[in-house]
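All you need for our numbering is the position in the sequence shown, starting with 1, plus 366. This report refers to the structure that appears directly beneath it.
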Amino acid sequence: MRVLGIETSCDETSASVLEGRGDEVAQRSLVILSQDVHRIFGGVVPEMASRAHVTALVPVVEQALSDAAVARADLDAVAVTNAPGLVGALLVGVSFAKAFAFALGVPVIGVHHMEGHLFATALEHPEAVPPFTALLVSGGHTLLLDVEAWGQYRLLGRTRDDAAGEAFDKVAKLLGLPYPGGPHVERLAAERAGSDGRFRFSRPMVRRDQEPTDPDFYDVSFSGLKTAVLNAVKSSSSVEADRGAIAGAFQDALIDTLVEKTTRAARQFGRGRVVLGGGVACNQTLVRAMRDRLEPRGVRIFAPSPRLATDNAAMIARAGLFHLERGEQSSLDLNAFASQPIPGFVAA
Ligand code: KG4
Ligand code: ZN
């Protein structure tokens, strides 16, 4: 089966062609156009994102088809992100996908963006398939899931406030770094002198006496950590000189928290694989920390390459293919939603 994937939920216009069945899927093409304009404003401006998708989408789709050497008539289905995200931005992709699928006489399937992130790693690592523990860390979401099988997602924990990527972006802003801040914070932290331990922030929501039945056993919270960074910046006599030490201390606290919660989930469910996804999975310090902690316990860590960790249409086509193979498809009244739970949640 050949599926065209379309992703327009935030500030990337992306299209991709995948071909295959089951877990044997080949990526034929992937085009990602990142909207650079938002850097001027230090964050995504929704109306500008929608307008940029309108101008970019047709050429991006045409490029994806041409890179894949696939004619429109050879497509078997169209998969499109329809939730969650910026509604105006999502609507551009959804309207296009419905019209395109209707014109070709093939099914259209709406895909949940976070379910897409769950499938991304499997495109590069054939062994990143269920059962596994999943940590999805993006600019808008932080989700810890136990994945028994594709389509069966047990939500263990989530953020109570800021998402992990959002915390990186806000801390970057406090330190005077450009948007999106994650890569800049990671780079600054890496440049910090090894012995520079002047700053240390407490690990949010991590206590030794927590039990699996406690509501905060798996949940995370990063707004207090952000405030701790703000206070450190305010009390610093030279932010310029302290930037690396503060960035490093922030990243240490955030990563320690994510590693601890993920370790709890893998141990509790006896999983031998952990799959990371979302833009923050680009953070090599996070991936290394997961490996250092979990590999000695026999748990393998799978992280996508940066191109598949951040928003892309290949992961949407992959999740769409899974649903299509189960006989599911959307109707032409498919709509876009700013928020929606991942389909397939099973009781915790
Ligand atoms: O998944 P994504 O591309 O978009 C959303 O769905 O939100 O994630 C974007 C987020 C941004 O917050 C960005 O700062 C973060 O991923 N990010 C990173 C790194 N690269 C991107 N965070 C930490 N370290 C990185 N190297
Ligand atoms: Zn995303």
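Every residue, glycine too, gets a C-beta built ideally from N, C-alpha and C.
Q | C-alpha distance - Y584 paired with A469, whole-angstrom precision | A | 46 angstroms
Q: Report the three-state DSSP secondary structure of Q706 (helix, strand or coil).
A: coil
Q. For the ligand HEM, which residues count as neighbours when the test is a C-beta closer than 6 angstroms to any heavy atom?
A. The model depicted lacks the ligand HEM and carries the ligand KG4 and the ligand ZN instead.
Q: Go to R524, then tell me how far its beta strand (DSSP E) extends in each direction, as first and last residue.
A: Q518 to R524
Q. In the structure shown, what three-state DSSP assignment does T374 receive?
A. coil
Q. Say the cut is 7 angstroms; is the CB of N448 nearer than that to a heavy atom of the ligand KG4?
A. no
Q) From this set, V474, I398, L399 and A455, which residue's C-alpha is nearest G686's C-alpha? A) V474
Q: Run the proximity test for N548: is its beta-carbon closer than 7 angstroms to any non-hydrogen atom belonging to the ligand KG4?
A: Checking the displayed sequence, the identity of residue 548 turns out to be Gly instead of Asn. At least one heavy atom of the ligand KG4 is nearer than 7 angstroms to the Cβ of G548, so yes.
**Q.** Neighbourhood of L321 by C-beta distance below 8 angstroms, restricted to the same chain and skipping five residues each side
**A.** There is simply no residue 321 to check, as the chain begins at 367 and stops at 714 in what is shown.
(Q) Considering only heavy atoms of the ligand KG4, does any lie closer than 7 angstroms to the CB of F534? (A) yes
Q. Within the present structure, is the beta-carbon of E552 separated from the nearest heavy atom of the ligand KG4 by less than 7 angstroms?
A. yes
(Q) Suppose the cutoff is 6 angstroms on Cβ atoms and the five residues either side in sequence are ignored; what does the same chain contact list for V641 look like? (A) T487, A494, F498, A500 and F668
Q.
Out of T374, S432, Y545 and N448, which one is the CA nearest neighbour of S416?
A. T374
Q | N649 CB to nearest heavy atom of the ligand KG4 below 7 angstroms | A | yes
Q: Let me know the secondary structure DSSP gives F498 once reduced to three states.
A: strand
Q: List the endpoints of the continuous beta strand (DSSP E) containing G476.
A: V474 to H478
Q) Any chance the CB of V625 is under 7 angstroms from a heavy atom of the ligand KG4? A) no
Q. What residues in its chain sit with their C-beta under 7 angstroms from that of H491, if we drop five residues either side in the sequence?
A. F668
Q. For K600, does the count of other Cβ atoms within 10 angstroms reach 16, so buried, or fall short, so exposed?
A. exposed
**Q.** Of the listed residues H483, F616 and L484, nearest to G590 (C-alpha basis)
**A.** F616
Q. With Q393 and A680 assumed to form a contact (beta carbons below 8 angstroms), what rounded beta-carbon distance in angstroms separates them?
A. 5 angstroms
Q. How many Å lie between L748 and V383 at the Cα?
A. In the structure as shown, the chain begins at 367 and stops at 714. Residue 748 is therefore absent and cannot be evaluated.
Q: Would you kindly report the start and end of the unbroken beta strand (DSSP E) that includes D512?
A: T508 to A515
(Q) At 3 residues or longer, what runs of the beta strand (DSSP E) sit wholly inside the region 606-671? (A) 639-643 and 666-668
**Q.** Option in G506, G386 and P709 with minimal Cα separation from L452
**A.** G506
Q) Roughly how many angstroms lie between the CA atoms of P581 and E626, to the nearest whole one? A) 15 angstroms
Q. Is it true that the region 643-651 meets the region 444-451, where meeting means three or more beta-carbon pairs spaced less than 8 angstroms apart?
A. no
Q: Look at R569 and A619 and say whether their C-beta atoms are less than 8 angstroms apart.
A: yes
Q: Tell me where the alpha helix (DSSP H) around N597 begins and ends.
A: S589 to S601
Q.
With DSSP as the reference, identify every bridge partner of T447, one or two as the case may be.
A. V477
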